[in-house]
Amino acid sequence: MAAPSGTSSLSKSAPNAVRVDAWLWAVRAYKTRSAATAACRAGHVRLNGNPVKASQIVIPGDEVRIRMPGYERILEVRRLIAKRVGAEAASHAFTDRTPPRPLAPQLGIPVRDRGTGRPTKKDRREMDRLRGN
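Here the sequence shown is numbered in UniProt numbering, starting from 1 and rising by one per residue.
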């Protein structure tokens, strides 16, 4: 029997147990489940501070840390979902506790006018000096 059209996919009976790779895929932390599995295998995912295998079960209240290039995402599990849902519905399944990333320092990148040709030797030395080379 089909569910009424007004109910969301999260209001249906929630699963009792969900694998960490399936949950990460369902909340859109990774594009594919195999990418989530590979991240677990590589040691980029930690559950409550411990490295996990992809088959590890998550429960509400668990803290999942995902190492991304240049920073670490910290997600707290609020709801268990096993199927991929819309982005807004997925955002209700976790609390994002990731601290804001610091802004990269802005370097004074020299801007050359269009049509001025190739930089001279003096211009190149000045650009190298600004870049710190």
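Glycine residues also receive a C-beta, built at the ideal position from the N, C-alpha and C atoms.
Checklist line | Which of helix, strand or coil DSSP assigns to Thr62 | finding: It is worth fixing the name first, because residue 62 is Asp in this sequence and not Thr. In the three-state DSSP reduction, Asp62 falls in the coil class, being neither helix nor strand.
Margin query: Quick check on the DSSP output: what are the complete beta strand (DSSP E) runs of length 3 or more inside the UniProt domain "RNA-binding S4" (18-85), in order along the chain?
Written below: Runs found: 45-47, 63-68 and 71-77.
Item checked: CA nearest to the CA of Val58, picked from Leu24, Arg124 and Thr116 -> It is Leu24.
Check: What is the DSSP secondary structure of Asp123, counted as helix, strand or coil?
Finding: Helix at Asp123.
Next item on the list: Please state if the CB of Cys40 and the CB of Asp62 are separated by a distance shorter than 8 Å.
Entry: Asp62 is not a Cβ neighbour of Cys40, given a cutoff of 8 Å.
Next item on the list: Return the CA-CA distance between Thr95 and Gly49, expressed in angstroms with no decimal places.
Entry: Cα-Cα distance, rounded: 17 Å.
Next item on the list: Figure out for me which residue from Arg79, Pro51 and Lys121 has the closest Cα to the Cα of Ala26.
Entry: Residue nearest to Ala26 within the set Arg79, Pro51 and Lys121 is Arg79 (criterion: CA-CA distance).
Notebook entry, point to check: So what's Met1 in DSSP terms, helix, strand or just coil?
Noted result: A caution first: Met1 carries a pLDDT of 47, below 50, which makes its placement in the model unreliable, though a value can still be read off. Met1 falls in the coil class under three-state DSSP.
Next item on the list: Please name the residue in Glu126, Lys83 and Pro100 whose C-alpha comes closest to that of Val18.
Entry: Val18 has its Cα closest to that of Lys83, out of Glu126, Lys83 and Pro100.
Item checked: Through-space distance from Pro102 to Arg46, alpha-carbon basis -> Rounded to whole angstroms, Arg46 to Pro102 spans 23 Å at the Cα level.
Note to self: With the cut-off set at 8 Å, would you say Ile66 and Ala29 are in Cβ contact?
What the structure shows: Taking a C-beta distance under 8 Å as the contact criterion, Ile66 and Ala29 qualify as a contact pair.
Item checked: Under the three-state DSSP convention, the category Asp96 falls into -> In the displayed model, Asp96 falls within a strand according to three-state DSSP.
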